[in-house]
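In my numbering, the protein residues as written are 25 to 173.
Here it is as structure tokens:
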């Protein structure tokens, strides 16, 4: 089975999300990965009802200039006992890219620790997106979405 990456967006909207999704997708598509977009953030990821979209080059090109987010977002923050490795195993996901604020970052970190305990290695990249600018970044860099809010 082909290696996959999964991309999800959580929290509130901010300008530039589709550009980020498109750019990340193209980088990994060029390396031969399947790119899976997950709708509704973490909301249905662990209950077997995750809605997904396969992102190919055409899809990535189409969403690049569009405002908003092609992936529906949710502010849902799962508890540790809700976590499951099923989606990641079934789709051979090796990397989870999360786009969101501090809650999204902490949830993806907790998820990676849970999966490690299950002997499933999942790499994680978090793209900070918050109009609150409340994620500590080097040199006090603002998150995308902050200056345009």
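Cβ coordinates follow ideal geometry from the N, Cα and C atoms, glycine included.
Excluding the 5 residues flanking residue i on each side, which residues of the same chain have their C-beta closer than 7 Å to its C-beta?
i, result
"residue 43", "88"
"residue 100", "65, 66, 67"
Could you tell me how far apart the beta carbons of residue i and residue j are, in whole angstroms, since I believe they sit closer than 8 Å?
i, j, result
"residue 65", "residue 32", "6 Å"
"residue 45", "residue 61", "7 Å"
I need the straight-line Cα distance from residue i to residue j, nearest angstrom please.
i, j, result
"residue 127", "residue 69", "16 Å"
"residue 28", "residue 77", "12 Å"
"residue 26", "residue 114", "11 Å"
"residue 23", "residue 39", "Here the chain covers residues 25 to 173 and nothing more, so residue 23 does not appear."
"residue 58", "residue 103", "28 Å"
"residue 108", "residue 116", "14 Å"
"residue 136", "residue 86", "31 Å"
"residue 134", "residue 53", "27 Å"
"residue 50", "residue 83", "10 Å"
"residue 129", "residue 95", "17 Å"
"residue 146", "residue 37", "26 Å"
"residue 72", "residue 105", "15 Å"
"residue 174", "residue 93", "Limits of the chain in this structure are 25 at one end and 173 at the other, which puts residue 174 out of reach."
Short of 8 Å in beta carbon distance, which residues of its chain neighbour residue i, apart from the five on each side in sequence? Order them along the chain.
i, result
"residue 98", "34, 64, 65, 66, 67"
"residue 91", "39, 42"
How about residue i and residue j: are their beta carbons less than 8 Å apart?
i, j, result
"residue 112", "residue 74", "no"
"residue 122", "residue 148", "yes"
"residue 132", "residue 143", "no"
Looking only at its own chain, which residues have a Cβ that is under 6 Å from the Cβ of residue i, when we skip the five neighbours before and after it?
i, result
"residue 6", "Residue 6 is absent from the model: the chain starts at 25 and stops at 173."
"residue 139", "109, 146"
Any idea which residues DSSP pairs residue i with across the strands?
i, result
"residue 148", "120"
"residue 58", "28"
"residue 34", "98"
"residue 110", "Partner(s): none; residue 110 has no beta bridge."
"residue 77", "61"
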